[in-house]
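Novice: Quick one: the structure is below, questions incoming.
Protein chains in written order, with my numbering: chain L, 10 to 641; chain S, 3 to 381.
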């Protein structure tokens, strides 16, 4: 059965004096003594003598004043919110219905509740310092509204230096756009979703969520997280730091306003302190459990996503938030260690290079795609290329030099090995697999770019590292090198050039894509060097010109091949149907290999007449090779 | 130094531009005029063909108003009404009175055959743009064809039907009064039979066909898979209307000029004619040569087969005249026409043999979804 207080002091403002009737007519029949807040504050000692319970209804300032007196005097408090105090209602789960709120306010079972004081001001639910893009947005805001706010605010946000200190005397120096101190994890603010393990009204702790969007990419990631979930999260989003302590000192490098419960009440530096179980408040059972802890609350500090060291310098240097993220080497120590090892030349690499090239050359001469795929998987070229890309991204000259040397040595081995194998073949046939690697185009560059992205991505995350094999197959570095080596062995420069162009396409494509992917993933150095990027785009421009020409040629050739399948010839009364046409380049000449269908046998005379016709209608354009299939 | 990149860019651009255009020296007018006679049907039932042909000729003159030696071309146009007697009369008048250097005719095979009879006497080159009868170049040294002849066309039609449509039985319709129709039907029949195909019927279709329904009932009894129709567009439409009424759906194939006539004069019948195949010399969705693109640009509107044919023919004639020292030298022009080699027409190269016959590809088109669709090209 619900217990109610027998008497209570009703603290109100002029606007809320009407509530007295409801309180007096409440089923509890409690004796209600009304008092204006001004009268109370004028002589609190006199007014509060013998008062065990206060019902307050008025402005936030009124409620804060009563809370402060309650902490000092020890009376319990029931709050009746006004209709406009929606944030207060939401935060404390207070009934929005006035009768239900009155009923709750007059109950005789208050919960112990922590009091949060910031620079001496009572904070009912939140304290905001600086700019908090998205974090201070209400949870139930629409997605479109959120997007609009996000894009508008990101342009005005910049990071400044902050010092945070906790009760445990832990000092944190970082760059942030702002910080929010939240009394308890309750509905209302997005930042509240981040707070962990807060299920009591008297935990003795409060929580600070620090916003440090170091790049627009990170901010967009955060936005995506925000749009995809409204539930509490287990892992902190990028660009967010989290502190849990009974005391916070927040000191930005310049003085800022401090907003307590949305009202500008003080300025930084600000000290927020929790007075554990300092209040007894009537709260609904749907609110947190009452569990006053005798032990001092444990501190929790999660600042991995906040800029530190060189990153901090970079963050402070930027006038606006940069598009891509950056990272100091300490942040990804393990990955950089692996990439440095990948850039080192060792005997295993040389042996694998020789073996994969020999395998590729054998596969090319056998015209066996499965053997060639085996060579692709064996080839160790991908690792130094990814290291080279990371070197470019971070402007790490040491890594660039080492990985470049490793790539060049690998290329030299492949060219020499395949040239040597070619010498072993007396007739040096040109197989279909070789032909397929003699016409690089922009499409090959597209394949290389996609593979480069995949390579950099899979290298960045241990759990998908096995995908590198697929990347190696897709981009196939060793087979074109083996074909280029075959060109050297044949003494055919055009052959060498075409295949080497394909290899260069793959190489440049992977480097560019991997370098950009690393950048997007946030591996740029805190102190950035632009030379690496310039080199990447120079390489891209150099390779794009021959590839574009080649691409246009390939498109023309495919159109021509398609058109030829609609060509027919009447040769000495015999009807020749072109069923299939395949255009190839051999010895610098266009060779059209046609498969023709006809009913009658082609005699030498017919062939002569056919050839004459081809020369009349397609003079000097190409060499024709004809395969005939007869209609029975 | 500051302007070095801009200067380099300008130099590169200028070089590229100068490489991209082959400058042709400007032609200075000589003040001389060379007359060329044109005989075309500008009235009567073939009027549309004649008018479209004349548009093609005028387009070429716009492209090339002067010969290389500066002489201006003057067209002397006569309406032959596609009548052999009138054609011969106009030819004589053009040669003897107007003293034309050459004659281009846009008449069908009948009038051209009649002109061929006096060609050697007049000793004037005659270029036949539309006529396809094989005999127009026979027994004379002055008539040349721009189109393939009916032998080529008939044989190709038979081979396409047999080897690509896999049809074994065909009924042939022909108009006995038309040289063109008769010779094309005969060529088709001969070739198709030699390939092992069976001609189920050969139907003589009068100029004004009557009782076509009864005629087709008889044809249907022999179960042909295809009807070969080298007849005028009106006859083809009458036959197809009857077939439609009968609920019969054999393959249908016409000959050159049929689809062009349908597209220009019988567009309202396109739905009925869906699936109709025809041999032709042009298709507007094919890849044009640079010559074709230039004509299309100057012409402006949608090109028809007859415009294309006359433009090609007249360009061949001008090319031959340019290769002669005296642009009015009839013997030289005739010789040069008959040694035309690899002339870039609309869709490819055209050559004319010393006997006046043209080597040019034939196109097989079809009506599909109310549009002309190109099926194959035969060389």
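We put the beta carbon where it would ideally sit given N, CA and C, even for glycine.
Check the Cβ of residue 345 of chain S against every Cβ in chain L and list those closer than 8 Å, keeping chain order.
Specialist: Indexing the second chain from 1 puts residue 345 of chain S at position 343. Under the 8 Å cutoff, chain L gives no residues; its nearest Cβ is about 11 Å from residue 345 of chain S.
Novice: Out of S:160, S:54, S:59, S:37, point me to the one whose CA is closest to residue 76 of chain S's CA.
Specialist: Within the second chain, residue 76 of chain S is the residue found at index 74, counting from 1. Taking only the C-alpha atoms, the option nearest residue 76 of chain S is S:37.
Novice: Quick one, which residues of the segment 206–221 of chain S are near chain L if we go by CB-CB under 8 Å, in chain order?
Specialist: So the list is empty, because no residue satisfies the distance condition.
Novice: If I follow the unbroken alpha helix (DSSP H) through residue 321 of chain S, where does it start and stop?
Specialist: Counted from its first residue, the second chain places residue 321 of chain S at position 319. Residue 321 of chain S -> alpha helix (DSSP H) spans 307–324.
Novice: What are the start and end residues of the alpha helix (DSSP H) that includes residue 408 of chain L?
Specialist: Residue numbering aside, residue 408 of chain L sits at position 399 when the first chain is read from its first letter. Counting along the chain, the alpha helix (DSSP H) containing residue 408 of chain L begins and ends at 406–433.
Novice: Short of 9 Å Cβ to Cβ, which residues in the segment 601–635 of chain L face chain S?
Specialist: Within the segment 601–635 of chain L, the qualifying residues are 606, 607, 608, 622, 623, 625, 626, 627, 628.
Novice: Taking beta-carbon pairs under 9 Å, can you tell me which members of the segment 153–171 of chain S lie near chain L?
Specialist: The residues in question are 154, 157, 158, 160, 161, 162, 164, 165, 166.
Novice: Would a check of beta-carbon distances place residue 575 of chain L closer than 9 Å to chain S?
Specialist: In the first chain, residue 575 of chain L corresponds to position 566, counting from 1. It does; some Cβ of chain S falls within 9 Å.
Novice: Between S:43, S:252, S:130, S:153, which lies nearest to residue 114 of chain S when the distance is taken from Cα to Cα?
Specialist: Taking the first residue of the second chain as position 1, residue 114 of chain S is located at position 112. The residue with the shortest Cα to Cα distance from residue 114 of chain S is S:130.
Novice: Should residue 181 of chain S go down as buried or exposed, given a rule of 16 or more other Cβ atoms within 10 Å for buried?
Specialist: Here the question's residue 181 of chain S lines up with position 179 in the second chain. Residue 181 of chain S is buried by the Cβ-count criterion.
Novice: So which residues on chain B does residue 310 of chain S lean against when the C-beta distance must stay under 7 Å?
Specialist: Absent from the structure: chain B. Protein chains present are L and S.
Novice: What does DSSP give as the partner residues of residue 198 of chain S in its beta bridges?
Specialist: Residue numbering aside, residue 198 of chain S sits at position 196 when the second chain is read from its first letter. Bridge partners of residue 198 of chain S: none, in fact.
Novice: With a CB to CB cut of under 8 Å and the five nearest residues on each side skipped, what residues in its chain are close to residue 368 of chain S?
Specialist: Taking the first residue of the second chain as 1, we reach residue 368 of chain S at position 366. 277, 278, 279, 280, 374, 375, 377, listed in sequence order.
Novice: Would you mind telling me which residues of chain S sit closer than 8 Å to residue 156 of chain L, beta carbon to beta carbon, in chain order?
Specialist: By one-based count along the first chain, residue 156 of chain L stands at place 147. Ordered by position in chain S, no residue passes the 8 Å Cβ test against residue 156 of chain L, which lies about 41 Å from the chain.
Novice: When the Cα atoms are used, what is the spatial distance from residue 100 of chain L to residue 90 of chain L?
Specialist: The sequence position of residue 100 of chain L within the first chain is 91, counting from 1. The sequence position of residue 90 of chain L within the first chain is 81, counting from 1. Cα to Cα, the separation comes out at about 12 Å.
Novice: Comparing the C-beta of residue 497 of chain L with each C-beta of chain S, is any distance below 9 Å?
Specialist: For the purposes of this step, residue 497 of chain L is taken as the residue at position 488 of the first chain. So, not an interface residue.
Novice: Between residue 572 of chain L and chain S, is there a C-beta pair that is closer than 9 Å?
Specialist: Within the first chain, the letter at position 563 stands for residue 572 of chain L. With 9 Å as the cut-off, residue 572 of chain L counts as an interface residue toward chain S.
Novice: Who pairs with residue 114 of chain L in a beta bridge, going by DSSP?
Specialist: Here residue 114 of chain L refers to the residue found at position 105 of the first chain. Residue 114 of chain L is not bridged to any residue.
Novice: According to DSSP, simplified to helix, strand and coil, what is residue 179 of chain L?
Specialist: Sequence index remark: in the first chain, residue 179 of chain L carries index 170 (1-based). If DSSP states are grouped into helix, strand and coil, residue 179 of chain L belongs with coil.
Novice: The alpha helix (DSSP H) spanning residue 53 of chain L covers which residue range?
Specialist: Here residue 53 of chain L is taken as the residue at index 44 of the first chain, counted from 1. First-last of the alpha helix (DSSP H) with residue 53 of chain L: 53–56.
Novice: Considering just the uninterrupted stretch of the alpha helix (DSSP H) at residue 49 of chain S, what are its terminal residues?
Specialist: Taking the second chain and counting its residues from 1, one reaches residue 49 of chain S at position 47. Looking at the DSSP string, the run of the alpha helix (DSSP H) that includes residue 49 of chain S is 49–65.
Novice: Return the CA-CA distance between residue 455 of chain L and residue 192 of chain S, expressed in angstroms with no decimal places.
Specialist: Against the first chain, residue 455 of chain L aligns to sequence position 446. Against the second chain, residue 192 of chain S aligns to sequence position 190. Going from the Cα of residue 455 of chain L to the Cα of residue 192 of chain S covers about 56 Å.
Novice: Taking the alpha-carbon of residue 168 of chain L as reference, which of L:330, L:429, L:233 has the nearest alpha-carbon?
Specialist: Translated into the one-based positions of the first chain, residue 168 of chain L becomes position 159. If we check each option's Cα against that of residue 168 of chain L, L:330 comes out closest.
Novice: What's the call for residue 135 of chain L, buried or exposed, on a 16-neighbour Cβ count within 10 Å?
Specialist: As a first step, residue 135 of chain L must be located in the first chain, where it is residue number 126. So residue 135 of chain L ends up on the buried side.
Novice: Among the residues of its own chain, which have a CB less than 6 Å from the CB of residue 303 of chain L, if the five just before and after it don't count?
Specialist: The count along the first chain starts at 1 and reaches residue 303 of chain L at position 294. Its pLDDT being 48, under 50, residue 303 of chain L is placed unreliably by the model, and nothing is read from it.
Novice: With a threshold of 9 Å between beta-carbons, can residue 232 of chain S be considered close to chain L, or not?
Specialist: Counted from its first residue, the second chain places residue 232 of chain S at position 230. No, residue 232 of chain S lies away from the interface with chain L (no Cβ there is under 9 Å from its Cβ).
Novice: Could you name the residues of chain S that residue 640 of chain L contacts, counting a contact when the two beta carbons are closer than 9 Å?
Specialist: In the first chain, residue 640 of chain L corresponds to position 631, counting from 1. Simply 165.
Novice: Specify the secondary structure class of residue 339 of chain S as computed by DSSP and reduced to three states.
Specialist: Here residue 339 of chain S refers to the residue found at position 337 of the second chain. Note: residue 339 of chain S maps to helix in three-state DSSP.
Novice: Scan the segment 347–365 of chain S for residues whose Cβ lies nearer than 8 Å to a Cβ of chain L and list them as they occur along the chain.
Specialist: So the close ones are 350, 351, 353, 361, 363.
Novice: Can you tell me the Cβ-Cβ gap for residue 362 of chain L and residue 389 of chain L, rounded? I've got them flagged as a contact below 8 Å.
Specialist: Sequence index remark: in the first chain, residue 362 of chain L carries index 353 (1-based). Sequence index remark: in the first chain, residue 389 of chain L carries index 380 (1-based). With a Cβ gap of about 6 Å, residue 362 of chain L and residue 389 of chain L count as contacting.
Novice: Cβ of residue 318 of chain S less than 9 Å from any chain L Cβ?
Specialist: What you label residue 318 of chain S is simply residue 316 of the second chain in a count that begins at 1. Not an interface residue.
Novice: Would you tell me roughly how many angstroms separate the C-alpha atoms of residue 25 of chain S and residue 134 of chain S, rounded to the nearest one?
Specialist: As a position in the second chain, residue 25 of chain S is number 23, starting the count at 1. As a position in the second chain, residue 134 of chain S is number 132, starting the count at 1. For residue 25 of chain S, the predicted structure reports a pLDDT of 48, less than 50, and the residue's modelled location is therefore unreliable. A value from the coordinates is still provided. Rounded to the nearest angstrom, the two C-alpha atoms are 38 Å apart.
Novice: Give a yes or no on whether the minimum CB-CB distance between residue 375 of chain S and chain L is below 9 Å.
Specialist: Here residue 375 of chain S refers to the residue found at position 373 when the second chain is read from its first residue. No - not a single Cβ of chain L is within 9 Å of the one on residue 375 of chain S.
Novice: Less than 9 Å between CB atoms is the rule here; does residue 197 of chain S satisfy it with respect to chain L?
Specialist: For the purposes of this step, residue 197 of chain S is taken as the residue at position 195 of the second chain. By this cut-off, residue 197 of chain S is an interface position.
Novice: Assuming residue 510 of chain L is part of the beta strand (DSSP E), what are its boundary residues?
Specialist: The residue you call residue 510 of chain L lines up with position 501 of the first chain. Element bounds for residue 510 of chain L: not the beta strand (DSSP E) but the alpha helix (DSSP H), 502–529.
Novice: Under DSSP, the beta strand (DSSP E) around residue 106 of chain S begins and ends at which residues?
Specialist: The residue given as residue 106 of chain S occupies position 104 in the second chain. It spans 104–107 - the beta strand (DSSP E) in which residue 106 of chain S sits, taken as one unbroken run.
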